[in-house]
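A short worksheet on the structure shown next.
There are 2 protein chains.
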Amino acid sequence: MTESDAGTPRERYRAQVQEEIKAHAWEQIRASGASALSLNAIAKRMGLSGPALYRYYSGRDELITALVRDAYRSLADAVRLQAEAGADLAGLARTLRRWALEDPQRYFLVYGTPIPGYEAPPDTTSIAAEIMAVLLDAAAAAAAAAAAEDADGATVDAAVDDAASSSPIEAHLADHRAWAADHPASPAALRLALAFWTRLSGVLSLELAGHFTGMGFDPELLYAAEVQALTGS
Amino acid sequence: MTESDAGTPRERYRAQVQEEIKAHAWEQIRASGASALSLNAIAKRMGLSGPALYRYYSGRDELITALVRDAYRSLADAVRLQAEAGADLAGLARTLRRWALEDPQRYFLVYGTPIPGYEAPPDTTSIAAEIMAVLLDAAAAAAAAAAAEDADGATVDAAVDDAASSSPIEAHLADHRAWAADHPASPAALRLALAFWTRLSGVLSLELAGHFTGMGFDPELLYAAEVQALTGS
DNA sequence: TCGCTTCCGTTATAAGTTCTAACTCACCGA
DNA sequence: TCGGTGAGTTAGAACTTATAACGGAAGCGA
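Residue numbers (my numbering), protein chains in the order written: chain A, 63 to 295; chain B, 63 to 295.
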């Protein structure tokens, strides 16, 4: 489909093998987690012997970095696509949940336990910013709608804080919006986007890590309740 | 201090060595993460040679299981102690945050990326239930206080949902309270305890994984804002 | 006090891992 | 046609977890 048809035959071959390596890596990660990823096993399953993989990735770390990048990219694409299709915050929440459940280990590669020494490459942080921008758009729209409804005298607890003008956190965010650099979002929208991110991450992380198993309730309903509390719809 | 002075000299020695092994393991985990934990390195640093450790732990997994158990235990103790000292939900939130920041890798050992095959031993889930019980106590007290204030006609957005009686999630929780088996908590309190857990986990997980770095705002204020939104105080 | 048993720590070994080095060979381009 | 580039190979070093077999010391009962 979106195969890179650019460059010399050798470059095409190289890119193709790199993709195949990543595919096997994902398979292995899904089965046994990222920490158990073995270059040797991948090579064997591809019918070639150990050190051959080093032509394509200089080591385990570089392969994992590529996988992290792909994981980030897939989330950013999923979220952006939904937003372009006109989804609101609730729609984005559904997309996020679907993406997470689709492949929990992929989710954890992005949001899971960090390795002390490891520093994320700068381009992944730019992808993170892209995701955040989409979130900010939707949050700004939601906040604007809530404000309008509020002005109508409705008493719906629209977002995170009610009435009482700007809370301390909103004032702080208004002054520390490096992450929303040039985004025209109100303090309430900043707060909403952040709460959306952290609260849904909270439910998803605990659910996917299995901390809800045996508790009896349906995680999806809890997730929906958090979305409802955020959007007030 | 709380050294086990029970049993034969041999048992005491054995327990002491096991503790020493765990201490070195924590040191190593703090430095390079749990996935990089090496039995060999621990042995070398203790002045003995590789296979000697297998007298004390049958393998890497058993050692890590012991560490997870200790991590769980330390959180449960911290939380219980605070509750016994009369702390409310806000106080428990502070304790949780302090515990998490004190040793991020310990936090991630409990709440971080799970290993696909691994199943938590039953006693850790009982410790988790103990933590949840403390949370439920505090949540029930908070919910009761909020209800009383509500009856006074105050309009404080006390907890998660406002007015409008029972939300769908509360109805669901009322029917699926296996995790709060014999705890006399109202549906609102169940919901509050769950929201407390998931929301604070969300902020802490993202913060400790470094997803807030470079964003500019103060994670502690965001955490405090979530606590404020939960307790409405 | 003697002797038996238990258990600790050792070395040797097997099988696995990442990763480097050196070599062969095939293909691609000029 | 010929040379360069790069893929894949085997060999090997330095690790890892884990098992097996052996020595010896320490505790425990008679």
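Backbone N, C-alpha and C fix where the C-beta goes; we use that ideal spot for every residue, glycine too.
| Item | Value |
| --- | --- |
| Compute the Euclidean distance between the alpha carbons of G179 (chain B) and P230 (chain A), then round it to the nearest angstrom. | 44 Å |
| In whole angstroms, what is the alpha-carbon distance linking A236 (chain A) and S248 (chain A)? | 8 Å |
| Using the Cβ count rule (16 or more neighbours within 10 Å means buried), how would you classify R159 (chain B)? | buried |
| Give the interface partners of L235 (chain B) over in chain A, defined as CB-CB distance under 7 Å, in chain order. | F279 |
| Which residue marks the beginning of the alpha helix (DSSP H) containing E82 (chain A), and which one marks its end? | 71-94 |
| With a threshold of 7 Å between beta-carbons, can P249 (chain A) be considered close to chain B, or not? | no |
| Establish whether the CB of H86 (chain B) and some CB of chain A are separated by less than 7 Å. | no |
| Hey, S97 (chain A) and A105 (chain A) are a contact pair by Cβ (cut 8 Å); roughly how many whole angstroms apart? | S97 (chain A) to A105 (chain A), Cβ: 19 Å. No contact. |
| Let's test the definition: count the other Cβ atoms within 10 Å of the Cβ of P246 (chain B) and tell me whether it reaches 16, buried, or not, exposed. | exposed |
| Within the continuous alpha helix (DSSP H) that includes A240 (chain A), where are the two ends? | No alpha helix (DSSP H) holds A240 (chain A); DSSP gives it neither H nor E. |
| Could you round the C-beta distance between I83 (chain A) and Y116 (chain A) to whole angstroms and report it? I think they count as a contact, below 8 Å. | About 11 Å; that fails the 8 Å criterion. |
| Establish whether the CB of W161 (chain A) and some CB of chain B are separated by less than 7 Å. | no |
| Can you list the residues of chain A that V265 (chain B) reaches, using a CB-CB cut of under 8 Å? | T260, G264 |
| Relative to the C-alpha of A77 (chain B), which candidate in B:A128, B:A93, B:R92, B:S100 has its C-alpha closest? | B:A128 |
| Tell me where the alpha helix (DSSP H) around R107 (chain B) begins and ends. | 101-107 |
| Please list, in chain order, all residues of the same chain as Y173 (chain B) whose beta carbon is under 7 Å from its beta carbon, the five residues on each side excluded. | S263, S267 |
| Comparing alpha-carbon positions, which option in B:E81, B:A250, B:F274, B:D185 lies nearest D199 (chain B)? | B:A250 |
| So which of A:I91, A:F274, A:W241 has the shortest CA-CA distance to G276 (chain B)? | A:W241 |
| Enumerate in chain order the residues of its own chain whose CB-to-CB distance from R261 (chain A) is below 6 Å, with the five nearest sequence positions on each side excluded. | E288 |
| Give every residue of the same chain whose Cβ lies closer than 6 Å to the Cβ of A152 (chain A), excluding the five residues on either side of it in the sequence, and list them in chain order. | V289, T293 |
| For L268 (chain B), go through chain A and note every residue whose CB falls closer than 8 Å to its CB, in chain order. | Y173, W259, T260, S263 |
| Taking 7 Å as the threshold (C-beta atoms), are A133 (chain A) and R168 (chain A) in contact? | yes |
| Comparing the C-beta of A271 (chain A) with each C-beta of chain B, is any distance below 7 Å? | yes |
| Below 8 Å on the Cβ atoms is my guess for L11 (chain A) versus A145 (chain A); work out the distance and round it to an integer in Å. | Lying before the first or after the last residue shown, residue 11 (chain A) is absent from chain A, which here runs from 63 to 295. |
| Mind pulling the chain B residues with CB within less than 9 Å of P230 (chain A)? | L283, A286, A287, Q290 |
| May I ask which residues mark the beginning and end of the alpha helix (DSSP H) holding A133 (chain B)? | 122-146 |
| For D185 (chain B) and F274 (chain A), I'd like the C-alpha separation in whole angstroms. | 16 Å |
| Is A247 (chain A) near the ligand COA, in the sense that its beta carbon is under 6 Å from a heavy atom of that ligand? | Only the bare structure without any ligand can be found here, which leaves the ligand COA out of the picture. |
| Does DSSP classify S248 (chain A) as helix, strand or coil? | coil |
| So which residues of chain B does I193 (chain A) contact, with C-beta pairs closer than 7 Å? | Correct list: empty, because the minimum Cβ distance to chain B is about 11 Å. |
| Counting only C-beta atoms, is A145 (chain B) closer than 7 Å to chain A at any point? | no |
| Mind checking R107 (chain B): buried by the 16 CB within 10 Å criterion, or exposed? | exposed |
| Check whether chain A comes within 7 Å of A240 (chain B), counting only Cβ atoms and requiring the distance to be less than that. | yes |
| Check whether the Cβ of G69 (chain A) lies closer than 7 Å to any Cβ atom in chain B. | no |
| Does M277 (chain A) come out as helix, strand or coil in the three-state DSSP assignment? | coil |
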